[in-house]
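Chemist: Okay, so the sequence shown: first residue is 1 according to this note's numbering, each after it adds one. Don't be surprised by glycine CBs; every beta carbon is placed ideally from N, CA and C. Take a look at the following structure, please.
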Amino acid sequence: MPHPLISQDLIDAFQRDGVVLIKGLFADHVDTLRAGVDRNMAEPGPYASNNERAGETGRFFDDYCNWQRIPEFEEVIRGSAAAQVGAELMGSGTAQLFHDHVLVKEPGTSMATPWHSDGPYYFVSGKQTISFWSPLDPVTDATLRCVAGSHLWEKPVLPTRWAKGDAFFDPAPYMPVPDPDAEGMDIREWEMAPGDAVAFNYDILHGARGNRAGARRRAFSLRLVGDDARYVERPGPTSPPFPGHGMQPGDRLRTDWFPVIWDG
Numbered sequence: 001m002p003h004p005l006i007s008q009d010l011i012d013a014f015q016r017d018g019v020v021l022i023k024g025l026f027a028d029h030v031d032t033l034r035a036g037v038d039r040n041m042a043e044p045g046p047y048a049s050n051n052e053r054a055g056e057t058g059r060f061f062d063d064y065c066n067w068q069r070i071p072e073f074e075e076v077i078r079g080s081a082a083a084q085v086g087a088e089l090m091g092s093g094t095a096q097l098f099h100d101h102v103l104v105k106e107p108g109t110s111m112a113t114p115w116h117s118d119g120p121y122y123f124v125s126g127k128q129t130i131s132f133w134s135p136l137d138p139v140t141d142a143t144l145r146c147v148a149g150s151h152l153w154e155k156p157v158l159p160t161r162w163a164k165g166d167a168f169f170d171p172a173p174y175m176p177v178p179d180p181d182a183e184g185m186d187i188r189e190w191e192m193a194p195g196d197a198v199a200f201n202y203d204i205l206h207g208a209r210g211n212r213a214g215a216r217r218r219a220f221s222l223r224l225v226g227d228d229a230r231y232v233e234r235p236g237p238t239s240p241p242f243p244g245h246g247m248q249p250g251d252r253l254r255t256d257w258f259p260v261i262w263d264g
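Quick look at the structure:
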């Protein structure tokens, strides 16, 4: 039987659409995650950014790959139901930790999270991938927006740098970033309570509006992979880069760096 937070219908929807809402996935861990975000912002890691762009207002902080130095993140990653739920949604016997990501939009932040797919930035390939995006504050307008079914598109979406807008790699093998609103795509978005989570495949096109509300919008993301995930080379540095990993194409991600956190 699936974990009580999900159902077979939800698993089927995730496989079909690539994105579903999990109510209350981190509901028991919101305070711990908020404390972790506070620690992360007070002690940023080497990949931290305020995503500064000319003409934009407010502060859009993001940082990733901090679970090993922020105990609150590790506690939630290992102690929540996310690993089991993720494995069951992916149809995988295991769930392996890839990385964590914090995204904070202060009140009045005008910059949107650009439309993008995570998969092309990463050095991992496989159908069994999942990202959880969980707000730590109530969200309405600044919620995550995902294009259903985009994980099944024939070509990957071109990865770009959020602040500068330039391409990570040679654009030729990729499709240009579309405008889902203008093109009438099937955009899924939900008003969310703290601890709810959007679960989506790495290849889902997604983005978020700026934060026009009078309160902060803190979000914690957790990225996992399943049984079929393998290391793949990209035509340049990936994000996250994980320098010195020593893996070869076709390898499973090394478990000393990317631990298996669920083995059903």
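1) Could you check which residue in Phe123, Phe26, Ile70 has the C-alpha nearest to that of Glu43?
2) Can you grab the Cα-Cα spacing for the pair Arg59 / Ala163, in whole Å?
3) Quick check: what's the CA-CA separation for Met1 versus Ala87?
4) Applying the criterion that 16 or more other CB atoms from any shown protein chain within 10 Å of the CB defines a buried residue, is Ala172 buried or exposed?
5) Report the rounded CA-to-CA distance for Asp251 versus Gly55, giving the unit in angstroms.
6) Since Pro240 sits in a beta bridge, which residues does DSSP pair it with?
7) How many angstroms separate the CA atom of Phe98 from the CA atom of Ala148?
8) In terms of residue numbering, what span does the alpha helix (DSSP H) encompassing Ile11 cover?
9) Go ahead and pull the three-state DSSP assignment for Ile130.
10) According to DSSP, Arg234 sits in a beta bridge with which residue or residues?
11) Assign Glu72 to buried or exposed, taking buried as 16 or more other Cβ atoms, counted over all protein chains shown, within 10 Å of its Cβ.
12) Quick one: Cα of Asp263 to Cα of Gly93, how far?
13) Go through the region 83-131 residue by residue and report every complete run of the beta strand (DSSP E) that reaches 3 residues or more, in order.
14) Going by C-alpha to C-alpha distance, which of Cys146, Tyr231, Asp12 sits closest to Arg209?
15) Identify the continuous alpha helix (DSSP H) that holds Val76 and give its terminal residues.
16) Hey, Leu5 and Leu25 are a contact pair by Cβ (cut 8 Å); roughly how many whole angstroms apart?
17) Spatial neighbours of Ser80 within its chain, please: CB distance less than 8 Å, with the 5 preceding and 5 following residues excluded, ordered by chain position.
18) Indicate the three-state DSSP secondary structure (helix, strand or coil) for Arg252 in the structure shown.
19) Let me check understanding here. Comparing Cα to Cα, which of Asp179, Gln15, Ser125 lies closest to Leu265?
20) Enumerate in chain order the residues of its own chain whose CB-to-CB distance from Met175 is below 8 Å, with the five nearest sequence positions on each side excluded.
Modeler: Considering the structure as presented:
1) Ile70
2) 12 Å
3) 13 Å
4) exposed
5) 44 Å
6) In the DSSP output, where bridge partners are listed per residue, Pro240 has none listed.
7) 23 Å
8) 8-17
9) strand
10) Answer by DSSP bridge pairing: none, since Arg234 is not bridged.
11) buried
12) 6 Å
13) 94-105, 113-117
14) Cys146
15) 71-79
16) 6 Å
17) Leu25, Phe26, Asp28, His29
18) coil
19) Beyond the ends of the chain as shown, which are 1 and 264, falls residue 265; an answer cannot be given.
20) Trp153, Lys155, Pro156, Val157, Leu158
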